[in-house]
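In our numbering, the protein residues as written are 8 to 505.
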């Protein structure tokens with residue numbers, strides 16, 4: 008250090024002066040880096056270097072954002088993830104940013120945790136031409152394999168049968184449903200991406216699902232947030248961030264094996280799944296900026312596998328928990344299933360329009376489950392005015408979905424579980440503009456159509472065959488845990504044949 012100071016012409020400094028100099032230098036650098044315009048959104052006073060990290064609990068981010076909004080307004084600011092963050096609360100603000108001014112907020116920010124692992128690859132965090140090309144390609148490919156069409160329906164129905172059979176083996180005794188649902192839901196995206204499903208007894212695949220679930224939960228750990236603030240330092244230190252990277256590499260290794268298997272017997276004239284289609288596209292593209300290369304194939308496949316598994320799984324886990332928590336609602340769902348479908352055939356998508364109550368229950372599960380409460384972050388691509396405030400170019404923007412799904416100006420009883428939110432006075436299903444569990448705008452979840460199909464078919468198939476209840480002497484709870492998603496705490500239930 009003394010040599011460095013001499014080179015800088017500061018060799019006269021003693022140890023105390025040296026540390027004082029460095030401290031003042033860091034404070035000045037921090038101030039210059041985080042300067043904001045005079046009309047920047049208000050927020051709590053940040054500490055140097057760490058910003059607001061000391062104020063936030065990763066296990067209740069979304070609830071704290073509500074508390075800040077009550078104090079500072081629907082648009083407020085924080086310093087997190089090593090940079091400036093503007094938080095938008097309520098349907099009006101979120102829609103204004105992500106839809107009306109969507110072009111200004113179409114990019115993802117650079118978050119060190121994901122930048123370290125993925126760079127500008129994949130379908131979720133990438134930007135620019137690679138993102139546009141890959142999103143367009145993924146949407147078209149998945150449509151070709153049946154998403155949004157009746158051609159995919161038999162595959163989901165068959166998987167629902169497998170899940171029903173797995174539930175029935177417990178003969179009404181208490182068991183944990185999470186792993187079984189995880190495997191069943193994952194099998195749908197696995198068929199589309201890998202061209203195969205996996206048995207519920209496949210231990211290797213169970214370890215992959217567990218690794219991905221662990222990685223998702225680790226995102227809620229405090230040391231992960233510290234990594235985002237100080238990546239160069241934390242890269243060399245132990246903590247939850249290192250476990251996160253290890254778990255995700257384990258899943259990525261699994262994906263890479265599947266890709267290599269596809270390359271061995273790949274026939275470009277007869278693609279079997281997403282991987283085959285991507286490999287075929289690689290052979291035809293002459294655009295190095297389009298993202299059609301092997302490393303990106305692995306990350307895009309990882310994104311599809313993870314997003315196609317975790318969100319629907321988590322929603323169904325909440326759904327069964329709500330059914331045992333509100334048995335009177337479960338009884339009404341049973342009654343409608345019996346009246347419309349009966350017990351002699353399996354539910355199908357065309358039944359949905361004749362089942363307004365069940366459809367309303369599923370939507371209310373999604374609203375109250377609130378599984379991605381703070382949304383996936385965006386970035387301002389230019390200075391943007393919202394209300395009387397300026398959001399500077401490069402700022403991270405969080406359009407908080409929790410605040411939309413529980414907006415007191417948009418919902419009659421926003422904090423209560425009520426299927427009536429989605430029923431009109433005649434009992435017919437009604438859409439709600441503030442129902443945005445998949446987010447909105449140009450970055451809306453590309454798996455929305457698949458998730459809607461899966462939720463209806465899995466939920467109605469399970470409720471057609473079983474009555475769900477809490478184990479004897481156990482009081483069900485709606486307690487949650489936070490990772491990237493808001494999930495119910497592990498629970499058991501009893502599934503009794505109807």
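Think of the CB as a built atom: it goes at the ideal place given N, C-alpha and C, for glycine as much as any other residue.
(message) Does the beta-carbon of residue 204, which I'm using as the reference point, lie nearer than 7 Å to any heavy atom of the ligand SAH?
(response) The ligand SAH is not part of this structure, which contains no ligands at all.
(request) Give the C-beta separation of residue 192 and residue 319 to the nearest angstrom, bearing in mind that I take them to be a contact with Cβ-Cβ under 8 Å. (result) In the chain shown, the residue the question calls residue 192 occupies position 185. In the chain shown, the residue the question calls residue 319 occupies position 312. Confirmed, Cβ separation roughly 5 Å.
(request) Consult DSSP for residue 125 and reduce its assignment to one of helix, strand or coil. (result) As a working note, residue 125 is residue 118 in the chain shown. Three-state DSSP puts residue 125 in a helix.
(message) Give me the DSSP bridge partner(s) of residue 488.
(response) Position 481 of the chain shown, counted from the first residue, corresponds to residue 488. Paired residue(s): 494.
(message) Please report the distance separating the alpha-carbon of residue 43 from that of residue 96.
(response) Stepping through the chain shown from its first residue, residue 43 is reached at position 36. Stepping through the chain shown from its first residue, residue 96 is reached at position 89. Spanning the two alpha carbons is a distance of roughly 21 Å.
(request) Could you tell me whether the stretch 71 to 79 touches the stretch 49 to 63, using the rule of 3 or more Cβ pairs below 8 Å? (result) yes
(request) Report yes or no: do the stretch 483 to 490 and the stretch 140 to 149 share at least 3 C-beta pairs separated by less than 8 Å? (result) no
(message) Report the start-end ranges of each alpha helix (DSSP H) in the stretch 210 to 253 that is 4 residues or longer and not cut off at the edges.
(response) Those alpha helix (DSSP H) runs which fall completely within the stretch 210 to 253 and span 4+ residues are 210 to 225, 229 to 236, 238 to 241.
(request) Assign residue 325 to buried or exposed, taking buried as 16 or more other Cβ atoms, counted over all protein chains shown, within 10 Å of its Cβ. (result) Translated into positions along the chain shown, residue 325 becomes position 318. Buried: at least 16 other Cβ atoms inside 10 Å.
(request) Please confirm whether residue 372 and residue 321 have their CB atoms less than 8 Å apart. (result) Start at 1 with the first residue of the chain shown, and residue 372 comes out as number 365. Start at 1 with the first residue of the chain shown, and residue 321 comes out as number 314. Result no, Cβ atoms of residue 372 and residue 321 do not sit closer than 8 Å.
(message) Rounded to the nearest angstrom, what separates residue 72 and residue 213 at their Cα positions?
(response) Counting from one through the chain shown, the residue named residue 72 turns up at place 65. Counting from one through the chain shown, the residue named residue 213 turns up at place 206. Rounded to the nearest angstrom, the two C-alpha atoms are 35 Å apart.
(request) May I ask you to report which of helix, strand or coil DSSP gives residue 167? (result) Translated into the one-based positions of the chain shown, residue 167 becomes position 160. Three-state DSSP puts residue 167 in a helix.
(request) Spell out a yes or no on whether the stretch 387 to 400 and the stretch 188 to 203 are touching, meaning 3 or more CB-CB pairs, one atom from each, closer than 8 Å. (result) no
(request) Note down the Cα distance separating residue 247 from residue 261, rounded to an integer number of angstroms. (result) Along the chain shown, read from residue 1 onward, the residue named residue 247 stands at position 240. Along the chain shown, read from residue 1 onward, the residue named residue 261 stands at position 254. Near 21 Å, if we compare the C-alpha coordinates of residue 261 and residue 247.
(message) Tell me which residue opens and which closes the alpha helix (DSSP H) that residue 284 is part of.
(response) Walking along the chain shown from the start, residue 284 turns up at place 277. Its alpha helix (DSSP H) spans residues 281 to 291.
(request) Kindly provide the ranges of any beta strand (DSSP E) runs that are 3 or more residues long and lie completely inside the stretch 84 to 124, ordered along the chain. (result) 90 to 95
(request) Quick one: measure Cβ to Cβ for residue 369 and residue 442, integer angstroms, because I've assumed they're closer than 8 Å. (result) By one-based count along the chain shown, residue 369 stands at place 362. By one-based count along the chain shown, residue 442 stands at place 435. Their Cβ separation, rounded to whole angstroms, is 11 Å, which puts residue 369 and residue 442 out of contact at 8 Å.
(request) Give the straight-line distance between the Cα atoms of residue 84 and residue 70, rounded to the nearest whole angstrom. (result) As a working note, residue 84 is residue 77 in the chain shown. As a working note, residue 70 is residue 63 in the chain shown. Rounded to the nearest angstrom, the two C-alpha atoms are 15 Å apart.
(request) Please work out which residues of its chain come closer than 8 Å, Cβ to Cβ, to residue 446, disregarding the five sequence neighbours upstream and downstream, and give them in chain order. (result) Counting from one through the chain shown, the residue named residue 446 turns up at place 439. Correct list, in chain order: 105, 379, 382, 383, 406, 408, 452.
(request) For residue 436, I'd like the list of residues in its chain whose CB is within less than 7 Å of its CB, leaving aside the five on either flank, ordered along the chain. (result) The residue labelled residue 436 in the question sits at position 429 within the chain shown. The residues are 363, 366, 367, 429, 430.
(message) Using CA atoms only, rank isn't needed, just tell me which of 94, 456, 252 is closest to residue 146.
(response) Stepping through the chain shown from its first residue, residue 146 is reached at position 139. For the residues 94, 456, 252, the minimum Cα distance to residue 146 belongs to 456.
(message) I need the boundaries of the alpha helix (DSSP H) containing residue 365, first residue and last residue.
(response) Translated into positions along the chain shown, residue 365 becomes position 358. Segment 363 to 376, the alpha helix (DSSP H) holding residue 365.
(request) Could you pull out every residue in the same chain whose Cβ sits closer than 7 Å to the Cβ of residue 173, ignoring the five residues on either side in sequence? (result) Locating residue 173 in the chain shown gives position 166, where the first residue counts as 1. The answer, listed in chain order, is 187, 207.
(request) Specify the secondary structure class of residue 193 as computed by DSSP and reduced to three states. (result) Taking the first residue of the chain shown as position 1, residue 193 is located at position 186. If DSSP states are grouped into helix, strand and coil, residue 193 belongs with the helices.
(request) Please work out which residues of its chain come closer than 7 Å, Cβ to Cβ, to residue 348, disregarding the five sequence neighbours upstream and downstream, and give them in chain order. (result) In the chain shown, the residue the question calls residue 348 occupies position 341. Hits under 7 Å: 354, 358, 471.
(request) Return yes when the Cβ of residue 500 is within less than 8 Å of the Cβ of residue 181, no when it is not. (result) For the purposes of this step, residue 181 is taken as residue 174 along the chain shown, with counting starting at 1. For the purposes of this step, residue 500 is taken as residue 493 along the chain shown, with counting starting at 1. Closer than 8 Å, so yes.
(request) Please state whether DSSP places residue 396 in a helix, a strand or coil. (result) Along the chain shown, one-based indexing puts residue 396 at 389. Three-state result, residue 396: strand.
(request) Under 8 Å Cβ to Cβ from residue 14, same chain only, skipping five residues before and after it: list those, please. (result) Walking along the chain shown from the start, residue 14 turns up at place 7. Note on residue 14: pLDDT 48, under 50, position unreliable in the model; the coordinate value appears next. Hits under 8 Å: none found.
(message) Judging by CA-CA distance, which residue of 158, 468, 154 is the nearest neighbour of residue 170?
(response) Position 163 of the chain shown, counted from the start, is the residue given in the question as residue 170. Comparing alpha carbon positions, the residue from 158, 468, 154 closest to residue 170 is 468.
(request) Hey, could you find the ends of the beta strand (DSSP E) residue 406 is sitting in? (result) In the chain shown, counting from the first residue as 1, residue 406 sits at position 399. 403 to 406 is the span of the beta strand (DSSP E), which, as asked, contains residue 406.
(message) I need the DSSP call for residue 468, collapsed to helix, strand or coil.
(response) Along the chain shown, read from residue 1 onward, the residue named residue 468 stands at position 461. Helix.
(request) Measure the Cβ-Cβ separation of residue 119 and residue 153 and say whether it is below 8 Å. (result) What you label residue 119 is simply residue 112 of the chain shown in a count that begins at 1. What you label residue 153 is simply residue 146 of the chain shown in a count that begins at 1. Cβ atoms of residue 119 and residue 153: not closer than 8 Å.
(request) May I ask you to report which of helix, strand or coil DSSP gives residue 460? (result) Numbered from 1 along the chain shown, position 453 holds the residue referred to as residue 460. Helix, per DSSP.
(message) Does the structure place the stretch 248 to 255 close enough to the stretch 111 to 127 that three or more beta carbon pairs sit under 8 Å?
(response) Verdict: yes, contact present.
(message) Please tell me whether residue 416 has its Cβ less than 8 Å away from any Cβ of chain D.
(response) No chain D appears in this structure, which consists of one protein chain only.
(message) Whole angstroms are fine: how far does the CA of residue 346 sit from the CA of residue 226?
(response) On the chain shown, residue 226 is found 219 positions in, with the first residue counted as 1. On the chain shown, residue 346 is found 339 positions in, with the first residue counted as 1. The straight-line gap from Cα to Cα measures roughly 44 Å.
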